[in-house]
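Structure, as structure tokens:
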Amino acid sequence: MSRPSDFSTRVHRVVAGIPAGTVLTYGEVAAEAGSPRAARAVGHVLSAAGEGLPWWRVVAADGRLVPGLEEEHAARLQDEGVTCGHGRVRTVRRHRAGGDR
DNA sequence: TATCTGACGATAG
DNA sequence: CCTATCGCCAGAT
1073 MSRPSDFSTR VHRVVAGIPA GTVLTYGEVA AEAGSPRAAR AVGHVLSAAG
1123 EGLPWWRVVA ADGRLVPGLE EEHAARLQDE GVTCGHGRVR TVRRHRAGGD
1173 R
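To convert a position in the first sequence, counted from 1, into my numbering, add 1072.
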């Protein structure tokens, strides 16, 4: 069957598996998808993704939110328990223990 | 098939 | 804080 590349499917699967209140970085998602260097490709996939995919749970490595959708992104994150500020994530509940930095 | 673009990451200045 | 550069990958034209 035609598949939109294993990557896009992998990314969709990973992002859809992110628990609420948790945020992962593009690099983390890319690594989970099978390519730790495909952070850029992940962003591309998310931009092409539609509803059903919690793209807002994916943020940049430096905590930066999506350019152009900072309001939307921040609103959704805060709705799940993530605090944001100035287009940037504040409190992050990473899927990895340890806390934030 | 080639080229450009982009919701990236890291380093350097 | 900012911009600039390199490296990486997938999608669109």
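All residues carry an ideal CB built from backbone N, CA and C; glycine is no exception.
Since this is a predicted model, take the numbers as computed values, not measurements.
Contiguous alpha helix (DSSP H) elements confined to the segment 1090-1166 occur at 1098-1105, 1111-1120 and 1142-1152, taking only those with 4 or more residues. Spanning the alpha carbons of residue 1142 and residue 1087 requires a straight line of approximately 19 Å. Rounded to whole angstroms, the gap between the alpha carbons of residue 1148 and residue 1164 is 13 Å. Pairing residue 1121 with residue 1135, the inter-Cα distance amounts to about 21 Å.
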